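2 protein chains.
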Amino acid sequence: MAKKDKDIITSSTEEKILEAARVVFTKKGFAGTRTRDIAELSGINLALLNYYFRSKEKLFKVVMIEKMQKLFGVISPALNDANTTLEQKVTLIVNLYADMLIKNPDLPIFVLRELNLNSEAFGSGFHPHKMLSDSFFVKQLKEKRPDENPLQFLISILGMIIFPFIAKPIFKKAIGSEKAFEIIINERRALIPKWVSAMLRTK
Amino acid sequence: MAKKDKDIITSSTEEKILEAARVVFTKKGFAGTRTRDIAELSGINLALLNYYFRSKEKLFKVVMIEKMQKLFGVISPALNDANTTLEQKVTLIVNLYADMLIKNPDLPIFVLRELNLNSEAFGSGFHPHKMLSDSFFVKQLKEKRPDENPLQFLISILGMIIFPFIAKPIFKKAIGSEKAFEIIINERRALIPKWVSAMLRTK
DNA sequence: ATTATTTTTAATCATTTGTTTAAATAAATT
DNA sequence: AATTTATTTAAACAAATGATTAAAAATAAT
Chain A
1 MAKKDKDIIT SSTEEKILEA ARVVFTKKGF AGTRTRDIAE LSGINLALLN YYFRSKEKLF
61 KVVMIEKMQK LFGVISPALN DANTTLEQKV TLIVNLYADM LIKNPDLPIF VLRELNLNSE
121 AFGSGFHPHK MLSDSFFVKQ LKEKRPDENP LQFLISILGM IIFPFIAKPI FKKAIGSEKA
181 FEIIINERRA LIPKWVSAML RTK
Chain B
1001 MAKKDKDIIT SSTEEKILEA ARVVFTKKGF AGTRTRDIAE LSGINLALLN YYFRSKEKLF
1061 KVVMIEKMQK LFGVISPALN DANTTLEQKV TLIVNLYADM LIKNPDLPIF VLRELNLNSE
1121 AFGSGFHPHK MLSDSFFVKQ LKEKRPDENP LQFLISILGM IIFPFIAKPI FKKAIGSEKA
1181 FEIIINERRA LIPKWVSAML RTK
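In order, the protein sequences belong to chains A and B.
Going by the numbering used here, the first sequence opens with residue 1, and the numbers climb by one from there.
Going by the numbering used here, the second sequence opens with residue 1001, and the numbers climb by one from there.
Structural data, given as structure tokens:
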């Protein structure tokens, strides 16, 4: 075969398509995206999309897997660190998410939008619920509060940090600018750990 | 004019279209919905959709306004009740949402999905952030905790109750059945008010 | 240098999709 | 009953869209 240093030669156009696909799919969703938008943004010929990725759906799946790993993978190391307390883990999780979501504010709505639209289409490989349920963090939650379902705390913690990014169109008008939104998020780095500690103490 | 008891005669087919539109738009989103799906589900001729609602977009807006009012309107009375304490209001809000969302579990993801996709297209009429910010509830929050932005509590309370419905595809696998999901939600009716009280006490 | 292979391009296809049209039917008005 | 108005239907339109094709250009192998 001629020209097959796949990772050097072809990665250029392939990566150009992927980069544009990330942007357009994230902004418009799978159904709202036209392959022509991706081609145009990446500056490549429309046919190349199918040449490299076979179909719109296959290209989308590549992006979707990436995004899911980004959204749920950030906290993976923090969840299973054997050398931190429950409270330290909460602080770490909140800050890891704050850092990442300020840089990728539309990541949560993208992933959850497509997961809700598509229920079953992404069974391939990645299981965030296992990552969470089997974690050392959940074990510590069980020890601290054997009387409560640890999932209840997990849902609340993730909700408090992720929800503002999903509900942004509502709160943004009450908040004002994008800068003001970031200030709110940054305040939550300290607030949420404090709140969670208080929640864990309630009887 | 002949035949123009609009609320009696035409409401039948018009309402049939609307009912189907609610179902299909909610399930597939605006971009993922085909007008033919709505026509088929409602059992009417395709052309009637444009006859009654002019366009897919206009029909969608009717549904969207409805859904936004449903999502943000439920708690409107509770927010401005002058005869309840802050803690009582939290309990009321949580229960009003639990009742409504168990019956309409895909309402939050629908509204927030479309608001995020469409940023500006729904400036018409309904302003949830005003309803929240100008409420008696927020005034009470300010009195109780003048040191904190009341929005921080508001975001957390709404996040804790609404987020599980948005993140359901993730947690559902960890939870199991639909019944188990409802049990989790019902437990939160008591948990969240207790948690919020603890949060309000933190210094 | 010649040949084979990979990549890119422009044009086109076949469907899908929102909307319209013109005729038919039903209902109301006179 | 005759006429006008409103509703419904089947068919079709025009534009959009995901995908393919066949030829050209670029690159690699011999």
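Ideal Cβ placement from N, Cα and C applies to all residues, glycine included.
On a predicted model such as this, the values are computed, not experimentally measured, just so you know.
- With a threshold of 8 Å between beta carbons, Lys67/A makes no contact with chain B.
- With a cutoff of 8 Å on beta-carbon distance, Pro169/A and Asn1116/B are scored as near each other.
- Less than 8 Å separates the beta-carbon of Ala1174/B from that of Ser133/A.
- Rounded to the nearest whole angstrom, the C-alpha separation of Ser1135/B and Gly1073/B is 13 Å.
- With a cutoff of 8 Å on beta-carbon distance, Ile75/A and Ile102/A are scored as not near each other.
- Contact annotation for Glu178/A against chain B: no contact, minimum CB-CB distance about 13 Å [criterion: below 9 Å].
- Contact note: Ile1075/B does not reach chain A at a C-beta cutoff of 9 Å; the least C-beta distance is about 13 Å.
- Contact with chain B is found for Gly29/A, since one of that chain's Cβ atoms lies less than 8 Å from the residue's Cβ.
- Looking only at Ala1198/B, Phe1110/B and Glu1182/B, the smallest Cα-Cα distance to Glu1066/B is reached by Phe1110/B.
- With fewer than 16 other Cβ atoms inside 10 Å of its own Cβ, Glu1057/B counts as exposed.
- Among the residues of chain B, those whose CB is under 7 Å from the CB of Lys194/A are Thr1202, following chain order.
- Taking 4 residues as the minimum length, the alpha helix (DSSP H) runs contained wholly in the region 1066 to 1142 of chain B are 1076 to 1079, 1086 to 1103, 1107 to 1118 and 1128 to 1133, in order along the chain.
- At the C-beta level, Thr1202/B and Lys194/A come within 8 Å of one another.
- At a cut-off of 8 Å between C-beta atoms, Pro169/A counts as an interface residue with respect to chain B.
- Buried is the label assigned to Gly1029/B, since at least 16 other Cβ atoms lie within 10 Å of its Cβ.
- When rounded, the separation of the alpha-carbon atoms in Ala20/A and Ile1183/B is 42 Å.
- If the five residues before and after Arg113/A are omitted, its C-beta is found closer than 8 Å to the C-beta atoms of Gly29, all from its own chain and listed in chain order.
- Across the structure, Phe1025/B and Ile1161/B are spaced so that their CA atoms are roughly 23 Å apart.
- Any Cβ of chain B closer than 8 Å to the Cβ of Arg188/A would place that residue at the interface, and such an atom is present.
- Contact between Ser42/A and Lys61/A is absent: CB atoms are separated by about 18 Å, not below the 8 Å threshold.
- If the five residues before and after Thr1035/B are omitted, its C-beta is found closer than 6 Å to the C-beta atoms of Leu1049 and Lys1056, all from its own chain and listed in chain order.
- Judged by DSSP in its simplified three-state form, Asn50/A adopts helix.
- Taking 8 Å as the upper bound for CB-CB distance, Phe137/A and Lys89/A are in contact here, some 5 Å apart.
- Note on Tyr1051/B: under 16 other CB atoms within 10 angstroms of its CB, so exposed under the neighbour-count rule.
- Judged by DSSP secondary structure, Gly1159/B falls within the alpha helix (DSSP H) whose first and last residues are Pro1150 to Ile1166.
- Thr85/A sits exposed, since fewer than 16 C-beta atoms from the chains shown fall within 10 Å of its C-beta.
- Counting every other CB atom within 10 Å of its CB across the protein chains shown gives Pro1128/B a total of 16 or more, marking it as buried.
- Between the C-alpha atoms of Ile1155/B and Ile185/A there is a straight-line separation of about 11 Å.
- When DSSP states are grouped into helix, strand and coil, Asn186/A belongs to the helix group.
- Going by C-alpha positions, Asp1081/B is about 11 Å away from Gln1140/B.
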